[in-house]
Structure formats: structure tokens, C-alpha cells
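S.K.: Could you have a look at this structure, given as C-alpha cells, before my questions?
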Amino acid sequence: MCSAKSKSLIFIGLLFNCLEMVFSANTGFSMSIYDVTSRSIYLRWPKFSGASSYRVTATAVNAVGHSLLARFSDVTLKGTLTSLIPNTIYAIQAEAIDKNGITLAETQIMQSTAPDIPVIDQAYSKLSNSITVEWRAVPGATSYLLTAQDGDSFIETVVTNSPGTVTGLKPATLYRITIRSVNSGGKSQPSPFRKAKTVLAAPILSVSSPSCDSIAVSWKAVYMAAGFSVSLMRSDGLGRMLKENTTNTSLIFTNLDPGTLYTIKAYAWNVNGIPGDDFAYNQRTSPNAPADVQVAFNSGTLRAIVSWMPTEGALTYSVTASSGLLKLKCNTSSASCMVPSLQCGSEYYISVTAYNDAGSSKPTDAVSLKTIPCAPVNISIEEDEPGHLLVSWSSINFGHYYVVFVKSDDGLEVHCNTSHTQCHFQSDCGFTYFISVFAYNKAGQSPLGDVFNYTTAPCCPSDFRAVFVSSDTVQVTWGPVRGAEMYQTRAVGWSSMALCNDTATACTLSALQCDTHYNITVYSFSEARGSNTSCASNAIARSPAGQSLPSYSVPLETAPCCPNDLILTQVTQSVTNISWSVGTGAQTYETALESPKGQAKCHTLQNYCLLGCITCSTNYTVSLKAISETGLTSSCTYQGYSSSACCPSGVKLYRLGNNDIRVYWRASDETINYNTDLHGSKGNFTCTPSSGLSHCDITEIPCGDVYTVVVSPVTDKGLKLTFCPKKIYSGKTNFFECCIFVMHGRWLKCNPNASKGGMV
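Okay, so the sequence shown: first residue is 6 according to this note's numbering, each after it adds one.
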């Protein structure tokens with residue numbers, strides 16, 4: 006049993022447990038605590054006027070009969086209470102006493118001692134920057150203060166229970182470890198120290214992949230290290246782990262998988278073989294060189310599309326196209342890349358290199374690409390003899406053969422295909438020819454170079470008529486000729502010559518000498534070519550038997566004629582037959598139906614063709630090409646074609662009675678009209694619903710028969726399509742009677758008296 010005074014002290018202790026100082030209400034005499042340990046409390050107080058001594062009494066609140074009395078002289082203003090009980094609340098009273106022993110003032114304070122001193126069981130290090138301590142718990146301790154001391158420096162850590170770890174330490178360093186227990190009253194004295202040494206620091210790795218199948222690891226020396234252990238394993242867990250022990254500071258792992266992520270771990274050990282911290286690092290091997298490099302050259306844009314098989318672990322790729330000192334590059338993260346701005350007439354060596362964060366692969370073996378030849382240069386045109394043009398040019402690098410196109414101003418075009426550097430062409434008088442030369446190789450056609458024009462001399466005048474107007478005047482007329490811009494008429498006699506220049510096809514020569522023989526010649530002129538001096542007679546032989554044929558003729562082939570008639574007939578929902586009349590001069594035909602939804606084409610020797618993959622309810626553009634035996638083509642266009650409406654889907658039949666059924670369907674378009682046909686041995690029936698409806702009722706159908714039901718869209722011209730799917734409807738029963746099946750469990754009963762039915 007506690008006395009009333011003890012209970013009062015306990016209440017006061019609980020109320021003022023967190024206070025460090027309590028003042029006397031009447032005198033101002035006070036007392037403070039400046040330190041507490043497990044068995045000691047350190048006090049101080051101010052000097053009190055008239056006091057010759059001070060008396061301090063400490064009474065344990067929670068331990069009956071334990072109290073302590075201490076006296077101090079008037080010159081002593083602080084004192085220590087010792088031999089106290091750990092983790093115990095004390096009521097402490099201080100009194101100021103005069104020389105007669107009378108108490109002048111007093112003050113009280115409540116204070117708990119710190120918990121008892123803990124004892125360290127063991128201290129050890131698992132990490133290079135920390136030491137872990139284990140101890141037995143101390144009653145009343147709310148926390149513990151761990152201290153690691155290295156010479157004059159120390160590090161403290163507060164923990165709540167055992168084990169506790171003090172961090173922030175230096176690797177491979179010996180520390181003195183102590184521990185104090187803590188509660189709200191204070192800290193205990195330090196425990197007896199234990200010595201513990203931190204383990205070695207981890208080696209800091211420098212890792213690289215010098216090749217696609219190796220990883221090189223190096224590190225700086227670690228303080229107090231006797232050796233190192235390094236292990237390597239695929240990060241995805243596949244394969245086996247490789248481990249190496251060494252006293253060196255570098256090593257290389259080989260025979261690894263290209264482009265693969267590996268995890269490298271390393272630690273050092275001391276002379277006692279105790280391992281230190283480990284260091285982990287993820288490193289990917291550099292990728293292998295890409296395989297199956299393909300190069301596609303676009304001759305029109307002078308670009309190359311380079312593609313390859315993706316390489317394991319590669320993040321990006323670089324394509325290099327080298328031609329002499331010129332290097333073109335293309336970088337990408339995909340498995341293809343376009344190399345632009347290639348030069349004509351060049352050979353490029355193209356290689357691909359794969360990259361990842363570890364580095365690059367070896368370049369692939371170079372693939373040779375020869376571009377199209379450049380446009381031929383030094384083109385010259387001359388008429389080596391009348392009626393013959395000679396076109397020549399310089400040889401072009403990578404030009405395997407050449408094609409010269411000559412187009413006259415009347416639209417006729419001819420060409421010459423040769424492996425040499427010149428071509429001969431027939432020419433006619435009075436024409437302007439436009440000439441272009443292309444070089445070719447396996448890569449394609451050269452770019453268009455300069456287009457040259459050459460104008461032949463004007464044709465020679467013919468159909469002469471000379472009429473004497475008077476004795477000294479002759480009027481000469483002739484037919485106009487191609488290419489002539491002016492004519493010159495000359496009358497040459499023995500001793501004189503008369504000239505007449507005019508743009509007209511007539512000339513009057515006057516003041517001619519009498520009794521003189523004149524040779525009259527008409528020359529044609531053009532600004533581009535001058536006078537045609539090579540004119541000779543357009544010769545025809547005559548004899549008593551008649552007149553000969555002309556000396557030669559020039560063949561001319563025109564493009565074939567377009568067929569006059571073209572008919573399209575839809576065979577099925579996706580197949581259309583197209584036929585046409587024969588086009589004069591045509592040997593083959595190419596037909597096409599085109600719409601935004603797709604294109605259908607056919608190339609045939611016949612005058613008809615089946616085109617598949619037609620989309621229903623679609624407008625098509627109809628085109629036909631008529632092609633002659635030599636390849637001349639006429640492009641023919643015709644009126645557009647609309648494919649038939651789509652057949653309905655989801656066709657279902659329901660019985661309405663003994664002789665009536667209702668046909669349902671899902672319309673492909675609400676604007677389309679449909680027609681329903683039933684065909685059987687006992688009759689045919691038709692039903693056309695109102696516009697917009699998707700069902701139709703057919704009545705008075707003879708029972709006991711099998712019918713074929715077809716729902717078809719109706720064209721704008723009222724025609725019914727015949728290729729929509731058919732449904733079979735049976736009106737027969739197992740009793741050879743006319744009756745209707747009704748739903749009763751599983752369609753098993755026949756009710757001859759029923760008037761309504763269910764779905765067929």
C-alpha cells in the first residue's frame with residue numbers, strides 16, 4: 006500500500022515528467038537538471054539570499070523505502086545524486102536552509118533515471134559502410150544510441166531494438182563500438198566497447214564490349230584487398246554463370262552471345278578470405294553484323310532502299326554508301342533505310358553497321374550497287390547524206406546499251422536500240438526532228454539529258470509549169486513544198502542570169518534575152534537549213550507501154566483503233582464479264598475497272614474478259630487499252646460502270662399459316678429495292694415489298710412442296726439479279742399431309758389444326 010504522500014508524488018511525477026525545472030511559487034527558488042545517467046542525476050540551483058546550506062532529498066516514486074539525502078554548503082550551487090536505481094522516477098526536493106536550520110525556501114522536481122547499461126553480444130560488418138550490433142534488451146529503454154569511434158571521429162545512430170546498424174562508416178576500418186540505452190529521462194553510460202572492422206569496399210567496375218562476343222571488365226585497386234571475384238550471367242537468366250577469381254584488376258569474358266544484356270557482379274576479399282561489398286553492373290554485348298543485306302535501287306529518284314535481317318540487341322543501324330571519297334549515310338532504328346542523293350554513273354559499296362549502348366558491330370560485307378548511267382553527252386547530229394541522219398555521242402560509264410528517240414514535228418516517233426555510240430535514221434525533207442539519247446544498264450534508264458532538234462533542208466519544189474507571158478517574160482509556178490519558207494527561181498542563159506526571190510509559189514522572170522536558151526531552176530530555202538542544193542528529179546519512167554510506179558514508198562504505222570462497243574455484264578456479286586468489239590489494228594487488250602475501293606485488271610488476246618474482286622454497290626471507271634503487234638497503244642475510255650447492289654444477308658423465313666410465309670432479310674442499303682422469288686414444282690411466286698421494307702409476305706402457297714427462295718436487289722432498270730444465295734423451304738410433313746410445325750420442345754409435333762406457325 007502506498008501512502009497518500011506517495012500517491013501525490015506519483016501524480017506530480019506523471020504531470021511534470023517532461024519538465025526540466027520547477028519554480029517555487031512563493032520564493033522564486035528553483036532547481037534544474039543538466040544531466041542524467043542510469044544511476045546519477047546532476048542538479049544545479051541559484052544562490053538563495055540568507056541560505057547557509059542546501060539540502061536535497063530524492064525519493065523513488067515506484068520503489069518503496071528507497072530515498073537519498075545530500076547536503077551542500079552555501080558555496081556549492083550544483084550537486085550529484087548517485088547510487089540511484091536505473092529506470093526509476095524520483096521526486097527530488099531542494100531546500101535552502103539558514104544558519105539556524107530553518108528552511109527559507111524549497112522547490113521540487115520529478116526526474117527519471119536512464120535505463121541500465123546494455124551489454125554488446127556481438128558486432129560485425131556485412132557492408133563496407135556499416136557495422137551491425139546485437140545486444141540484450143534493457144528494461145525501460147525506449148531506444149538505443151550506437152556509437153562507432155575511429156580515433157577522434159565517431160558516428161552515432163539511434164535505433165529502437167536489437168540488432169541495430171550504424172552506417173556512414175569507412176571501408177576496411179577498425180571501429181570501437183559502444184551502446185547506450187535511452188528513455189525519456191536520459192542516456193545510460195556507454196557499454197563496454199567491442200571492436201569491429203568494416204568489410205572491404207566493392208570494386209568500381211568499368212565495363213565495355215570490345216567485340217560482339219566479349220565483355221571487358223576493369224577496376225581500380227581496393228584498399229586492403231587480397232583478391233577479386235567477378236561473375237557474369239545473362240540478365241534473362243538463360244545459360245550458365247561464368248565466374249573468375251583474380252588478383253589482377255581486369256579480365257575479359259569471351260564466347261558470349263552478341264547483342265545480349267549481361268549482369269556482372271564483383272567483390273574483393275581480404276587476406277582472411279572475408280568478402281567485401283559486391284558491385285553489380287549491366288552490360289550489353291555489342292551487336293553482331295546484320296545479315297541478308299538487300300539493296301533495291303529506284304532509278305527514277307536515284308535512291309537506294311537497303312534492308313536487312315534485324316540483329317539481336319541492336320538499337321540502331323547505320324548504312325554507309327561509299328563511292329571513292331564520297332560517303333553517304335543513313336541512320337535508322339528499323340530494318341531498312343533509304344539512301345538518297347545517289348549519283349548517276351557511279352558504283353557504290355554499301356555496308357550496314359548495327360549499334361547499341363555497348364558499341365557497334367563490324368560492318369557487313371559491302372554490297373556493290375551500280376547506279377543508272379548518266380545522260381549521254383557530246384551528242385552530235387548530222388546528215389551524212391540526204392535522207393539519212395547520223396546521231397552519235399560519247400561512251401558513258403556503266404552504259405550497257407543506248408536508245409535514241411527521234412520524234413518528228415508531225416508526231417511520228419522512231420527509236421534505235423544499240424550497244425554502239427551512234428545510230429542511223431531515215432529523214433524526210435522539211436521536217437524538224439527532236440532527238441534524245443538515253444543510256445541503260447541493269448539499274449535502269451539514265452536521266453533525261455538535253456533534247457536536241459535538227460531541221461532537214463526543205464523539200465525540192467515539183468510540179469513546175471513555165472508559161473511565156475510575152476516574148477521576154479516567163480511565169481513559173483510550182484507546188485508548195487514542206488519546210489520551205491522562201492523560194493528562189495533562177496533562169497540561167499549563156500551570158501546572163503535572172504533571179505526571183507519570193508515566198509509565193511510563183512515567179513515572173515522578165516527582160517529575158519531573145520533567141521536564148523535558159524535553164525530554169527527553183528530552189529527552196531528555210532531559215533534553219535538554208536537552200537536545198539541536193540534536189541534531183543521525184544523520178545518516173547515512161548514508155549509506150551505506160552508509166553512506172555513511184556520509185557519508193559515510206560511505210561507508216563498508226564496506233565490501233567479503239568473498239569466501238571463495250572458491254573459489261575455482272576456474273577456474280579464479285580465477278581463481272583466485259584466484252585468489246587474488235588479494234589482495227591489491235592492484237593491484245595488491257596481492261597481495267599477502277600474505284601476508290603480497289604482495281605481489277607485483265608490482259609487478254611480475246612475480246613472479252615472476266616474481272617474478279619468486284620465490290621458490290623460501287624461506281625467504277627472503265628478503261629481499255631488497244632495494243633498493236635509492235636506495241637503501239639491506244640487508251641480508250643468508256644462510260645462509267647456501277648456494280649450491282651449487294652445481296653441481302655440474314656435471310657430468314659417464318660410460317661404465317663398453312664399457305665403463307667414471311668421472308669425477312671438485312672438490307673445492305675436502305676435505298677435499295679428487293680424482290681423475293683419462290684420457285685417450286687407446283688408454281689412460282691414473286692413478292693416485291695414497298696420501298697424501305699426488309700420483309701415480304703407470300704400467300705396462298707401450295708403445301709407439300711419444296712421451294713427455292715431467293716431475295717435479290719432490283720436494278721434501276723427493274724432487272725432482278727440471279728446470283729444471290731438461295732434458301733430451301735419445305736412444306737412437306739412426315740405424315741404426307743399439309744400441316745404446320747409448331748414449337749413444342751424440339752419441333753416434333755404436327756398440328757393440322759394450327760393456323761399460325763414458327764420460323765422455318
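Glycine included, C-beta positions come from ideal geometry on N, C-alpha and C. Quick caveat: nothing in here was measured; it's all calculated off a predicted structure.
#1: Using only the alpha-carbon positions, how far apart do P560 and D389 sit?
#2: With H, G and I counted as helix, E and B as strand and the rest as coil, what does DSSP make of Q578?
#3: What residues are listed by DSSP as bridge partners for Y228?
#4: So for F740, helix, strand or coil by DSSP?
#5: Going by DSSP in three states, I661 sits in which element: helix, strand or coil?
#6: Can you list, in chain order, the residues of its chain whose CB lies under 6 Å from that of N31, leaving out five sequence neighbours each side?
#7: For I184 versus L174, is the C-beta distance shorter than 8 Å?
#8: Out of C566, A448, T42, I107, which one is the CA nearest neighbour of T87?
#9: What is the DSSP secondary structure of P391, counted as helix, strand or coil?
#10: Give a yes or no on whether the C-beta atoms belonging to Q480 and Y528 are separated by under 8 Å.
#11: With DSSP as the reference, please indicate the residues paired to R181 in a beta bridge.
#12: Does the segment 301 to 321 touch the segment 356 to 367, meaning 3 or more C-beta pairs lie closer than 8 Å?
#13: Output needed for P555: all residues of its chain with C-beta closer than 6 Å, excluding positions within five of it in sequence on either side, in chain order.
#14: Would you kindly check if the distance between the Cβ of T203 and the Cβ of S130 is under 8 Å?
#15: What are the boundary residues of the beta strand (DSSP E) that includes I136?
#16: Distance, Cα to Cα, V411 vs A301?
#17: Roughly how many angstroms lie between the CA atoms of H405 and S413, to the nearest whole one?
#18: Under a three-way DSSP split, which group does A146 fall into?
#19: Counting along the chain, where does the beta strand (DSSP E) carrying H420 start and finish?
#20: Ordered along the chain, which non-local residues of its own chain (more than five positions away) have a Cβ less than 8 Å from that of G535?
#21: If S622 and S648 are in contact, beta carbons under 8 Å, what's the gap, nearest whole angstrom?
#22: Consult DSSP for D477 and reduce its assignment to one of helix, strand or coil.
#23: Residue range of the beta strand (DSSP E) that S327 falls in?
#24: Using the Cβ count rule (16 or more neighbours within 10 Å means buried), how would you classify Y407?
#25: Would you kindly report the start and end of the unbroken beta strand (DSSP E) that includes T42?
#26: For R660, does the count of other Cβ atoms within 10 angstroms reach 16, so buried, or fall short, so exposed?
#27: Based on Cα-Cα distance, which residue from Y625, N383, T178, P195 lies nearest to D121?
#28: Out of A221, A206, M314, point me to the one whose CA is closest to P280's CA.
#29: Using the C-alpha atoms, what's the distance from V716 back to D682?
#30: Is the beta carbon of F34 closer than 8 Å to that of A96?
#31: Determine the extent of the beta strand (DSSP E) in which G5 is found, giving its start and end residues.
#32: Looking at I355 and A371, is the spacing between their C-beta atoms short of 8 Å?
#33: Go ahead and label R671 buried or exposed: buried means 16 or more other beta carbons lie within 10 angstroms of its beta carbon, across all protein chains shown.
#34: Whose C-beta lies closer than 8 Å to the C-beta of P315 among residues of the same chain, with five residues either side of it excluded?
#35: Let me know the secondary structure DSSP gives R534 once reduced to three states.
#36: Among D507, S54, S78, which one has its Cα closest to the Cα of V61?
M.R.: Let me spell this out:
#1: Unreliable positioning characterises P560 in this predicted model, as indicated by a pLDDT of 41, which lies under 50. A coordinate reading is not provided.
#2: coil
#3: Answer is none; Y228 lacks a bridge partner.
#4: Below a pLDDT of 50, predicted positions are generally treated as unreliable, and F740, at 28, falls in that range; the measurement from the model is reported next regardless. Note: F740 maps to coil in three-state DSSP.
#5: In the sequence under discussion, the amino acid at residue 661 is Leu, which differs from the Ile named in the question. The answer is coil: DSSP assigns L661 none of H, G, I, E or B.
#6: Bear in mind that a pLDDT of 49 at N31, under 50, signals an unreliable position, so the number given afterwards is only what the model happens to contain. If we look at N31 and ignore the five residues flanking it on each side, it has no Cβ neighbours.
#7: no
#8: T42
#9: coil
#10: no
#11: Q154, K200
#12: yes
#13: Unreliable placement is indicated for P555, whose pLDDT of 42 sits below 50; no coordinate value is reported for it.
#14: yes
#15: 135 to 140
#16: 31 Å
#17: 27 Å
#18: coil
#19: 418 to 423
#20: A462
#21: 7 Å
#22: coil
#23: 321 to 328
#24: buried
#25: Where T42 is concerned, there is no enclosing beta strand (DSSP E), given that its DSSP letter is neither H nor E.
#26: buried
#27: P195
#28: A206
#29: 7 Å
#30: no
#31: Here the chain comprises residues numbered 6 to 765, so residue 5 is not present and cannot be evaluated.
#32: yes
#33: exposed
#34: P295, A340
#35: coil
#36: S78
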